[in-house]
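Protein chains in written order, with my numbering: chain A, 1317 to 1456; chain B, 5 to 138.
Cβ coordinates follow ideal geometry from the N, Cα and C atoms, glycine included.
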């Protein structure tokens, strides 16, 4: 039964990479995968995060499938968003943590978060003065 | 070859898309993070499929293969600009070969919060059996 018991690293979609690239390089992943068979990937404390923005808000979408809803913590401190969660993996509790720098200043009291289908979406409204505004300049 | 595959899986990674029908426009699919465990009665597969809903999920069992295909439901809204992406939009696909050691009629699957749990009951011949001695 070798087939059923083989752990493999998630295969990436090669041509869908964003222009900014990922945090990991090929070599980084090669080393990770060499060691990966020693500790199954499902126990890895890393999770993917996407950053979006529109004119009013900054959005953070984190892939957190299968975590305990009540244990998800979202905190805003000093321009960094800290996301924490725990996941139960076969009688073990894995702690996931990530600190993301938010590019624009945020109205901290208006931050909301929703967890749906394993994806956590945090909406961070921008400060009023950070929103793009047209400034009319008269040239004399 | 499989020993080398375990140590350096990158060697066997192909650069051409091999999955076809589950894939979207680009033809690429992603292999989800998954774990297999077993009890004397069944194998349990736990796969991480963030963003996949029941409508986008397809679990099929045929010919000694268990295939899982999942499509994400979320589309990026019009006004949003992506600043930094780590996740991929491609659908998930996972195929596991069991060679008829699984009772296909009794497979049960549950999708909750992006985590898929599939229970694959072992075929009767594989269950541990006590043999009486005369």
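Using a Cβ-Cβ distance under 8 Å, would residue i count as near chain B?
i: residue 1370 of chain A; result: yes
i: residue 1408 of chain A; result: no
i: residue 1452 of chain A; result: no
i: residue 1455 of chain A; result: no
i: residue 1336 of chain A; result: At residue 1336 of chain A the pLDDT is 45, less than 50, meaning the model places this residue with poor confidence; the figure from the coordinates comes in the next sentence. Yes, residue 1336 of chain A counts as interfacial toward chain B.
i: residue 1355 of chain A; result: Confidence at residue 1355 of chain A is low in this model, with a pLDDT of 48, below 50, so the placement of that residue should be treated as unreliable; the coordinate-derived value is given next. No - not a single Cβ of chain B is within 8 Å of the one on residue 1355 of chain A.
Quick one: does residue i have its CB under 8 Å from some CB of chain A?
i: residue 122 of chain B; result: no
i: residue 44 of chain B; result: no
i: residue 133 of chain B; result: no
i: residue 74 of chain B; result: no
i: residue 77 of chain B; result: yes
i: residue 24 of chain B; result: Confidence is the limiting factor: at residue 24 of chain B the pLDDT is only 44, short of 50, which leaves the residue's position unreliable, though a coordinate-based value still follows. Cβ-Cβ to chain A under 8 Å: no for residue 24 of chain B.
Is the Cβ of residue i closer than 8 Å to any Cβ of chain E?
i: residue 117 of chain B; result: Considering every chain present, this structure includes no chain E. Its protein chains are A and B.
What does residue i reach in chain B if we use C-beta pairs closer than 9 Å?
i: residue 1394 of chain A; result: Those do not exist, as residue 1394 of chain A stays about 19 Å from chain B at its closest Cβ, beyond 9 Å.
Quick one: which chain A residues come within Cβ less than 9 Å of residue i?
i: residue 63 of chain B; result: Near residue 63 of chain B there are no residues of chain A at all, since even the closest Cβ is about 16 Å away, more than 9 Å.
Give me the chain B residues within the contact set of residue i, using Cβ-Cβ distance strictly less than 7 Å, ordered along the chain.
i: residue 1381 of chain A; result: 52, 53, 54, 117, 118 and 119
Please list, in chain order, the chain A residues whose beta carbon lies closer than 8 Å to that of residue i.
i: residue 57 of chain B; result: 1433
Based on Cα-Cα distance, which residue from the options lies nearest to residue i?
i: residue 1408 of chain A; options: A:1453, A:1425, A:1383 and A:1426; result: A:1383
i: residue 1374 of chain A; options: A:1423, A:1389, A:1385 and A:1414; result: A:1423
i: residue 1394 of chain A; options: A:1453, A:1451, A:1418 and A:1456; result: A:1418
i: residue 1386 of chain A; options: A:1430, A:1440 and A:1363; result: A:1430
i: residue 59 of chain B; options: B:74, B:97 and B:124; result: B:74
i: residue 35 of chain B; options: B:46, B:48, B:97 and B:72; result: B:97
i: residue 111 of chain B; options: B:76, B:47 and B:81; result: B:47
i: residue 42 of chain B; options: B:134, B:109, B:126 and B:76; result: B:126
i: residue 1380 of chain A; options: A:1428, A:1403, A:1427 and A:1453; result: A:1403
i: residue 100 of chain B; options: B:44, B:63 and B:45; result: B:63
i: residue 1436 of chain A; options: A:1371, A:1450, A:1412 and A:1372; result: A:1412
i: residue 38 of chain B; options: B:134, B:122 and B:136; result: B:122
i: residue 1443 of chain A; options: A:1378, A:1425 and A:1406; result: A:1425
i: residue 139 of chain B; options: B:95, B:71, B:50 and B:76; result: Only positions 5 to 138 of chain B appear in this structure, which leaves residue 139 of chain B out of reach.
For a contact defined as C-beta to C-beta under 8 Å, what are the partners of residue i on chain B?
i: residue 1419 of chain A; result: 87
i: residue 1397 of chain A; result: The premise fails here: residue 1397 of chain A is roughly 13 Å from chain B at the closest Cβ pair, so nothing lies under 8 Å.
i: residue 1366 of chain A; result: 86, 88, 89, 90 and 91
Closer than 7 Å: is that where the CB of residue i sits relative to any heavy atom of the ligand NAP?
i: residue 44 of chain B; result: No copy of the ligand NAP appears in this structure; indeed no ligand is present at all.
- Query: Counting pairs of beta carbons, one from the region 115–124 of chain B and one from the region 1390–1402 of chain A, are three or more of them closer than 8 Å?
  - Reply: no
- Inter-stretch contact (C-beta, 8 Å, three-pair minimum) for the region 1360–1367 of chain A and the region 80–93 of chain B: yes
- With 8 Å as the C-beta to C-beta threshold (strictly closer), list the residues of the region 80–94 of chain B near chain A in chain order. 80, 81, 83, 84, 85, 86, 87, 88, 89, 90, 91, 92, 93 and 94
- Message: Closer than 8 Å is the cut-off here; do at least three beta carbon pairs connect the region 88–108 of chain B with the region 47–60 of chain B?
- Response: yes
- When you check each C-beta in the region 1429–1450 of chain A against every C-beta of chain B, which residues fall closer than 8 Å? 1431, 1433, 1434 and 1435
- Item | Three CB pairs or more closer than 8 Å across the region 96–108 of chain B and the region 63–83 of chain B | yes
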